[in-house]
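Residues in the sequence shown are numbered from 1 upward in steps of one, following our numbering. From the three backbone atoms N, C-alpha and C, an ideal C-beta is built for every residue, glycine too.
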Amino acid sequence: MGTSGSGEVPTERPSGEQPSGGANYRLDRPRCDEDWQAYHGIRRKVFHLPRPVEEISPDCHPLLLFLEGRPIGAIQVDDLRNTAAALRLVAIDPAHQGGGHGRAMLERAEKFARELGCGKAVVYATPESAGFYQSIGYDEDDWDEICMGGIVQMLKILDR
Ligand SMILES: CC(C)(COP(=O)(O)OP(=O)(O)OC[C@H]1O[C@@H](n2cnc3c(N)ncnc32)[C@H](O)[C@@H]1OP(=O)(O)O)[C@@H](O)C(=O)NCCC(=O)NCCS
Numbered sequence: 001m002g003t004s005g006s007g008e009v010p011t012e013r014p015s016g017e018q019p020s021g022g023a024n025y026r027l028d029r030p031r032c033d034e035d036w037q038a039y040h041g042i043r044r045k046v047f048h049l050p051r052p053v054e055e056i057s058p059d060c061h062p063l064l065l066f067l068e069g070r071p072i073g074a075i076q077v078d079d080l081r082n083t084a085a086a087l088r089l090v091a092i093d094p095a096h097q098g099g100g101h102g103r104a105m106l107e108r109a110e111k112f113a114r115e116l117g118c119g120k121a122v123v124y125a126t127p128e129s130a131g132f133y134q135s136i137g138y139d140e141d142d143w144d145e146i147c148m149g150g151i152v153q154m155l156k157i158l159d160r
């Protein structure tokens with residue numbers, strides 16, 4: 001499975017689409033080249049990451065947050081196969097940060113993780129972003145034995 005083109009994330013995977021606070025959000029897998037460009041474009045803008053060339057694992061789920069049909073956020077949900085899902089490279093387009101969209105994306109990513117069968121979500125937070133995760137219910141927890149300098153490991157139990 002490659003990282004570009006449509007139909008590369010299994011279609012039976014869950015997706016969230018529900019309005020929240022009047023805004024019409026949708027968290028969904030990239031389905032076409034335009035979506036993939038948006039997904040990698042947001043990651044490049046926020047993390048200065050080049051588009052990877054390697055194959056993506058079936059347990060890694062790239063997802064785009066759409067607001068009123070326009071992509072504004074990107075996240076990768078990895079099923080760790082130990083009842084936890086790791087939320088990685090959580091990014092809201094800089095032009096849209098600070099508007100509650102990060103919270104909306106996390107709520108939907110957590111729902112996606114629950115639908116994968118995961119009972120908890122874990123993150124490697126930067127010290128600058130730890131407050132964001134804390135405000136949406138994540139607590140510091142050394143869920144990974146690998147120690148990475150400056151990274152705050154955080155965990156949230158997902159409600160059923
Ligand atoms: C971190 C990020 C995803 C947050 O998304 P956002 O849309 O800007 O955040 P929201 O507006 O949804 O904020 C939700 C809550 O978190 C708080 N918050 C947001 N960023 C915060 C920060 N850096 N530190 C402390 N609190 C923060 C907000 O004040 C808000 O609190 P409230 O609901 O009590 O008012 C986004 O700013 C981003 O992409 N940043 C750059 C990449 C990054 O740091 N990713 C995370 C590490 S992988």
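Residue i versus the options, residue with shortest Cα-Cα distance
i    : options              : result
V152 : F132, L116, L158     : F132
I72  : W36, G22, V122       : W36
T83  : A38, C118, D144, G22 : C118
K156 : G69, E54, R70, L87   : L87
E34  : Q97, G100, S135, R70 : R70
Y138 : V53, H96, S129       : S129
I136 : R108, V53, E145, G22 : R108
Residue burial classification, residue i (beta-carbon count within 10 angstroms, cutoff 16)
i    : result
C32  : exposed
S6   : Any reading at S6 must be qualified, since the residue scores a pLDDT of 36, below 50, and its modelled position is unreliable; no value is offered.
E115 : exposed
I75  : buried
V122 : buried
A85  : buried
E110 : buried
G149 : exposed
T11  : Low confidence applies here, because T11 scores a pLDDT of 32, under 50, leaving its location unreliable; read the following figure in that light. Label assigned to T11: exposed.
G16  : Because G16 sits at a pLDDT of 43, beneath the cut-off of 50, its placement in the model cannot be relied upon, and the following sentence gives the value as read from the coordinates. The residue in question, G16, is buried, as its Cβ has 16 or more Cβ neighbours within 10 Å.
G102 : buried
I92  : buried
G2   : In this prediction, G2 scores a pLDDT of 36, lower than 50, which makes its location untrustworthy; the coordinate-derived value is nonetheless stated afterwards. Exposed: under 16 other Cβ atoms inside 10 Å.
A23  : exposed
A95  : exposed
Within 7 Å, strictly: CB atoms of residue i and residue j
i    : j    : result
R43  : L80  : no
Y25  : L67  : yes
L158 : K120 : yes
R51  : H40  : yes
Assumed close pair residue i, residue j - CB separation to whole angstroms, cut-off 8 Å
i    : j    : result
M154 : A125 : 5 Å
M105 : L27  : 6 Å
V46  : H61  : 18 Å between Cβ atoms; not a contact.
Worksheet entry | Entirely enclosed alpha helix (DSSP H) segments - the region 124-151, minimum 4 residues | 130-135
Item to complete: Go through the region 59-96 residue by residue and report every complete run of the beta strand (DSSP E) that reaches 3 residues or more, in order.
Response: Fully enclosed beta strand (DSSP E) runs of 3 or longer: 60-67, 70-79, 84-92.
Worksheet entry | 4 or more residues per run - each alpha helix (DSSP H) lying fully within the region 33-57 | 33-47
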